[in-house]
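Quick note: the sequence shown, position 526, residue 526 per UniProt numbering, numbers continuous. We treat Cβ as the ideally placed atom computed from N, Cα and C, and that holds for glycine.
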Amino acid sequence: MLRTRAAANSKYALQYVQQAAERIQLPWLCPALAQTYTARQRHRSITTRPTVSRSKTLPAPITQSRHLASPASAHENFDRGDDYIPFTYGNREYPTSRNPQRNSRSDLSPFDLSQILMLDAADLVEDYPENHAGNNKLRNIDEIEATLDACLQVHRWDRAFTLLSQLSLFCQNNPSRLRNSFNRVLAAMVDDVIWSRTADHEKRINEWIEVHMRKADLEPDAHTFALKLKVALETLVGSKRDRTVRRYWEMTKRYQLESKVLSLRDVLDDRDLGRLSEICTIEVSTRLPEQVTDIAPLDSVQVGSVGKEQVHVRETEQKGLGLSSLKRSLSLFTEPTETTVEARSAEEDPLTQRQRRLERDAIQSALDRWKAEFQKRASIGILPADLAHGEIGALLWQWHEIMAEKIKQEIKLAREEDDLPGPKSAQQKLRAECSPFLELLPPEHVAAVTSIALMQIMSKVGASKSVKLVRLVTSLGQTLENEYNATNINRERNAVRKAKRQGIIESPFEHDVTLSSHLHRRSSHHAARPFVYNKEWTKAIHGKVGAVLCELMFETAKITIKRKDQNTGATLSMPQPVFLHSTAYQNGRKVGMVSLHEDFVRLLVSEPAEHLIAKQLPMVCPPKPWKGFFDGGFLESKQPFLRIKQNETAQKDYGITAASRGDLDQLFAGVDVLGKTGWRINKDVFSVMLEAWNSGEEVANLPPLNKVFPEIERPGENATQKERWEWFSKMRAMDNERTGIHSNRCFQNFQMEIAKAYLHETFYLPHNIDFRGRAYPIPPYLNQMGADNCRGLLLFDKGRELGPDGLRWLKIHLANVYGYDKASLSDRAQFPMDHLDDIYDSVKNPLSGRRWWLTAEDPWQCLATCFELTSALGSLDPTKFVSRLPIHQDGSCNGLQHYAALGGDLAGARQVNLEPGDKPADVYSGVCELVKAEIKEDAAKGDSLAKLLDGKVTRKVVKQTVMTNVYGVTFLGAIRQVRKQVEVLIPEVEAAGLSGKASTYIARKIFRGLGALFTGAHEIQYWLGDCANRISSSISPAQQEKIYEKAASGIPKTKERSGRSKAKGKEVLESAAFRSPVIWTTPLKLPVVQPYRINKGLTIQTNLQSITLAQPSVADSVNKRKQLQAFPPNFIHSLDATHMILSALKANELGLSFSAVHDSFWTHAADVNSLSELLRDAFIRMHSDDIIGRLAAEFNKRYDGHYYLAQINKSNVLGKAITEYRKQMVAEGVFPAGNGSKSIQQRRHAELLREIRKKKLMASEDPKEQEEGQMMVTAASLYEQYDGDKYLFHRDSLGETAIGAIPETMEGAKGEIVDAALDASEVSEDVDLASTLDPLRDSVANDNDDDTIDVGKTGNTMRDATATDPVAKAHQVAVNAFGQRLRTQKRKTGQKSQNNQIWLWLPMKFRPVPKRGDFDVKRLKDSTYFFS
């Protein structure tokens, strides 16, 4: 793809005019002959053609880090020196780094504080325009721009021009953004004129600069003139063309934009420049652009096409074509694969073509399945809606046909209503706003996407459960956008391929589209294609479009229900809607819910609706390497490199910016290592799994096909309420188990079919990262992060000879997966030799023998290792055996390892194997022993609960809680985790009805044990929490400026009660909200933005109901509690992600196959020693830097100029001085009086204004103002005067989420209270911070302290020069600085407040970094059990 490089190439762009006429010779004419390598050359500058001499006045070529792809550069591939080695991804080599200071990809860049990414914080105070009644103005600029793009795409010109007028109003202060929109509209008109040869836009195009842009007070730029020249060159002829071109060229010269215009190769191609040179006199410089060669499809991976044995997977009984949709998509795996030279010389290699087909096949395969079922039913005279012979596909086909017609009618109505005069109804407005997006895809396609998406969403949450309507509509809107993007990419590619075959254009292109990319890939208008935009849809658009489609689907989807009349016995048939819309109350709020009809649920359970599974299958060719935020991974779909949590816009902005400036190159390369690792299915394990599956027996984690449940006797009429409840609970549990078994078999059925399809294939798993940098595979159904059955099926594609060390590690691995993983390495290596008979029996008779492998902790992985070890030992030389089995190296509670290294905690380092030792330390066993010892002691004292638990608590009971405590699990969450294990491992406790009480008791012991073992980690955790507390309680300089400007401009007095006054007061209130999230940069330069905010609601009126959407914005207040409680665990996650990426890069440099599951790293057995060494080296290299010191330096820079709300004790000398000072200010009228919550908030705002004013005066160049500022007394100046650091109050902001912290309220909590708060079903194997950060007691500092002021006792002891400051006086109004009334408890008359703190505004300053302990991380070099 040719990209705009105006900034770099503008000085030399005129050279193109001369060269345009010369490119009719080899290799320009046949570039395909030259493109024989598969590399992206970032390290080489492009050499100039020998036929063109370089001007002596020109400087040397500018070497850029990114080049442009073009067949015109292909001749370079012929004449390379012998020393040239292409950096192919297939050979584990990567482009050289952009950073010359780093020797290799696996080295960390030196910390440069000046290079940290800091985006403009102006958006924190930006006020988006709201709806204006009656004129259909959209809600914000992003929504207008996205709608404008859609209108241009579907040629809704009148609507597009109206939206452009709105942008002209809203973007008056952002001319660059507005100019970009004008150029987009101009480009669309130019494209339409060139493509359709219509004259509709000629007048408007001619007047674009002189009339339309001038009216908007905009100056044209290079893109504007390039587009004007393009349309003149393409559509006019003869003297008229020449006059017009000369006129535009003279205008270009007047603006001195000639070079920039000629450098816009995405608009003006060689032919245009050649014609331009014939019409106008142009002085030509000599300069060629730098270029990049796109990575060609890899042809080194071949797939065998003969000898594929066909196996049959027993399908879970389903009433229809339940798996045929998937099988159709997977059918291309059974087709012969051409790997001949002729095939490889085609446009794409066969593997890439197959991958594209695989990604494109999902929707069509679903439609074919529905149609087949519909026709089958129709042929025997069964109505589709008759559930007596239900097949869901037939229903979906019938709904699809009706739905498509409804969508067509909706679009037709919208176009007709556009021309209607006068105000529009709410429904007409909604239809007008959504119709451009509905037109982006054919109605049949939109209908199919709607049906599939709704079925998928309902199936994921559980067919019998209700779903919030808000979630349904937004997810549907997001799915439609994703489908449009994927279809659009394919449409572009097909158009350009056709043009290439016709010889019209010269080069392939990439997915991302620049401003005028609809023009840049052709040499004449004959290659034109529809105009395409990539402006992302907003959350509001998702909601609106989804609501319209949901409404249509709810009207369409109906089934026929048959019931017998109890009186007559006759069978009655009646149509019923499938989707039931109702309302419910959640947390005191009325919300809309959607559920499925119970009869349809029974049908859906028998036919899982995972219809989009083919969209997320493993790839049959290597993933596209990551080159940009949206550029990498799958070939036909667009997915972000970074998974945005909760639609956090700031994280996305930081990610895109970091990617564009090259900060993420090292991270891209590391994730590519994971993606390019080839996999294959373990045929031996699959054969056993297939036999077990088809038998229907319960084997390992494969559920039984037909489990027989015991009958539970119904309680009699005289049964007590407790007996009835117990019966109901047992029935519910049995029903849930039955449904769960069937659902699991349906899900595993798909996994088995996928494994069968890939049985003879090499496949790949593209990865991306979450907001903390942790990598995840994008295909969710069969990957290394799956359950034991998935992991047991996976083998590396490439094999390695074991060697002596590899054979030893293969034995150790078998012991590990069996569960014998806490012994020494030598003992573990001996373990398989002591069980050889069991191993041989497991291989020879896996299901009919002793089944020893089923007693393992990970049975399927154990069986896979048994097969591998047996094959190795049975070979002539076991050390020469070629092994493909991944061997795991697992960390010892990786989070605690990082904490111990950060704090230099020697005791903690010993517990997590950072310190060398003869045997592995096991922190889980260590905590377990402490717990058991305390239980035994309590039992000896006569505690009945301790007696019941004595000797029964195992390592498994405590493991999850110990592991997740460091990642922020709350005490209540820990109780839930323990309860889940207790009910399984100690059933007598559950039988006695003591699950909740016992779980609380054990969890308390676990937390105390952790607190005793890891004292050093506390200091780091509390320092991190305190930093987050200050950041989330701070006001940025941009906010300060906005607050001060509004106060200085004059604010209505409190006594004015008009609507205008209230609105003004609210604006000031909103601008003072806490909006600063915790942001830090990982050692790999990934900016991490914590996404926890209190999102504002956006109400959308639909025919279904009023829908309130969370509209994410950087202007939203942060959720202070989550910001500070989540920061320590998120920071640790970002460190373990960094360690994984560094290890992956080093492994790639050494030629090791590599994969990872967070802190579990996989490689060949022969390479485990190398992997272990590089893991230690990467950890040492990372922690040898002062990570906490770097973080502190970044915080000091990033939050410089912020003011934060601090607290001190009011009884000390400083507190008394501040109290006296405030009494003085209230008496003089500078601060508002009053003791209520609102008055306190007003006073806080007034004090902030005073601090800002003092800072401005001190920074003034006027000596008088400087003197005035020095004389001004504020709370902050008193803090400095009294050396306030020693009085600063530090609350344990982490509360119960700190290591070993037990909330006070839980110490004496009654058993029934705990039981009421617990629900074991909520326990997740993976801690979700969004749910665990919800303790019983809010331990966060209360912002609303009691600082009552008795004005009657105020003296005139503190006067200053600004007592009559007009800005301060202007703020004596009802303005709440934070916009919230915090919870307060009523006090009895005469009772004094127990709160002894007082607040004040202070310039941002962080506490000193905790002093490190004595542990030297370099000692890790000799620790063989660090990862084992």
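* Confirm, please, whether the CB-CB distance from M118 to R1198 is below 7 angstroms. => The Cβ-Cβ distance between R1198 and M118 falls below 7 angstroms.
- prompt: With a cut-off of 8 angstroms, do at least 3 Cβ pairs link the region 751-764 to the region 846-857?
  reply: They do not touch, by the three-pair rule.
- Task: Would you kindly report the start and end of the unbroken beta strand (DSSP E) that includes Q586?
- Result: Where Q586 is concerned, the enclosing beta strand (DSSP E) stretches over 579-586.
- Query: Span of the alpha helix (DSSP H) holding G678?
  - Reply: Per DSSP, G678 belongs to no alpha helix (DSSP H) and is neither H nor E.
Return the chain-ordered list of same chain residues with a C-beta closer than 6 angstroms to the C-beta of E417, the five sequence neighbours on each side being excluded. Q428.
Roughly how many angstroms separate the alpha carbons of N913 and I144, rounded to a whole number? So the alpha carbons of these two residues sit roughly 56 angstroms apart.
* Helix, strand or coil at Y820 according to DSSP, with G and I counted as helix -> In the displayed model, Y820 falls within coil according to three-state DSSP, outside both helix and strand.
Notebook entry, point to check: Going straight from the alpha carbon of P443 to that of E551, what length do you get?
Noted result: As the crow flies, the alpha-carbon of P443 is around 15 angstroms from that of E551.
Applying the 10 Å Cβ sphere with the 16-neighbour rule, what's the burial state of A1072?
At A1072, the pLDDT of 47 sits below 50, so the modelled position is not reliable; the number obtained from the coordinates is stated separately. In the assembly as shown, A1072 is a buried residue. Its beta-carbon has 16 or more other beta-carbons within 10 Å.
Look up M752 in the DSSP assignment and say whether it is helix, strand or coil.
-> Assigned with DSSP and collapsed to three states, M752 falls in helix.
Secondary structure of M114, DSSP reduced to three states = As written in the sequence, residue 114 is Ser, which differs from the Met given in the question. Looking at S114 - three-state DSSP - the assignment turns out to be helix.
> Taking the alpha carbon of A1193 as the point to measure from, which residue in E278, D242, I116, F1007 has its own alpha carbon closest?
Replying inline: Measuring from the Cα of A1193, the nearest candidate turns out to be I116.
| message | Please report the straight-line C-alpha distance between S1155 and N845, rounded to a whole angstrom. | response | One C-alpha to the other measures close to 31 angstroms.
- Per DSSP, P777 is paired with what? As computed with DSSP, P777 is found in a beta bridge with H767.
Just grab the DSSP bridge partners of S1428 for me. Within the DSSP bridge table, the entry for S1428 names no partner.
Practice problem: Please report the Cβ distance between P779 and L617, rounded to the nearest whole angstrom; I am assuming they are in contact, meaning their Cβ atoms lie under 8 angstroms. | Solution: By a beta-carbon distance limit of 8 angstroms, P779 contacts L617. Their separation comes to about 6 angstroms.
- Helix, strand or coil for F374, going by three-state DSSP, please let me know. Note: F374 maps to helix in three-state DSSP.
Nearest-angstrom beta carbon gap, I1002 and V957 [assumed within contact, 8 angstroms]: Right, the Cβ-Cβ distance comes to about 7 angstroms (below 8 angstroms), so this counts as a contact.
Legend entry - Residue nearest to R738 in terms of C-alpha spacing, selected from L596, Q751, R246, V708: V708 is the residue among L596, Q751, R246, V708 whose C-alpha sits nearest the C-alpha of R738.
Within 10 angstroms of the Cβ of Y1203, are there 16 or more other Cβ atoms? Answer buried if so, exposed if not. Burial call: buried.
### Task
Ignoring anything shorter than 3 residues or poking outside the region 860-899, list the beta strand (DSSP E) runs there in chain order.
Complete beta strand (DSSP E) runs here, min 3: 887-890.
Applying the criterion that 16 or more other CB atoms from any shown protein chain within 10 Å of the CB defines a buried residue, is M574 buried or exposed? M574 should be labelled exposed.
Would you check if there are 3 or more beta carbon pairs closer than 8 angstroms linking the region 1135-1154 to the region 1174-1185?
-> With a cut-off of 8 angstroms, the region 1174-1185 and the region 1135-1154 count as touching, because enough Cβ pairs lie within range.
Could you check how far apart the C-beta atoms of S1117 and I1094 are, in whole angstroms? I think they sit under 8 angstroms. Confirmed, Cβ separation roughly 5 angstroms.
* Would you report the Cα separation of I209 and V154, rounded to the nearest angstrom? -> Using only the alpha carbons, I get a separation of about 24 angstroms.
Quick check: the Cα distance between F1426 and D922, rounded to an integer number of angstroms?
So the alpha carbons of these two residues sit roughly 11 angstroms apart.
- Should the region 751-759 be regarded as contacting the region 639-648, the criterion being three or more beta carbon pairs within less than 8 angstroms? No: the two stretches stay apart, fewer than three of their Cβ pairs being nearer than 8 angstroms.
Under 7 angstroms between the Cβ atoms of C151 and P421?
No, these two residues do not count as a Cβ contact at 7 angstroms.
My understanding is that V671 touches N768, with C-beta atoms under 8 angstroms, so please give their C-beta distance in whole angstroms. 7 angstroms between Cβ atoms; contact.
**Request:** Would you decide whether M189 is buried or exposed? Buried here means 16 or more other CB atoms lie within 10 Å of its CB.
**Result:** Here M189 is buried: its Cβ has 16 or more other Cβ atoms, across all protein chains shown, within 10 Å.
Backbone CA spacing between R159 and L167 [nearest angstrom]
Straight-line Cα distance between these residues: approximately 12 angstroms.
For this session: Taking 7 angstroms as the cut-off, decide whether the C-beta atoms of V211 and H201 are in contact.
Result: No, these two residues do not count as a Cβ contact at 7 angstroms.
Check: Residues bridged to A1206 by DSSP?
Finding: DSSP lists L1400 as partners of A1206.
Problem - W1399 beta carbon less than 7 angstroms from that of Q1207 - result: Cβ atoms of Q1207 and W1399: closer than 7 angstroms.
Requested in this report: Report the three-state DSSP secondary structure of P920 (helix, strand or coil).
Outcome: P920: coil per DSSP, three-state reduction.
Sheet register partners of G592 (DSSP bridge) = Beta-bridge pairing links G592 to T583.
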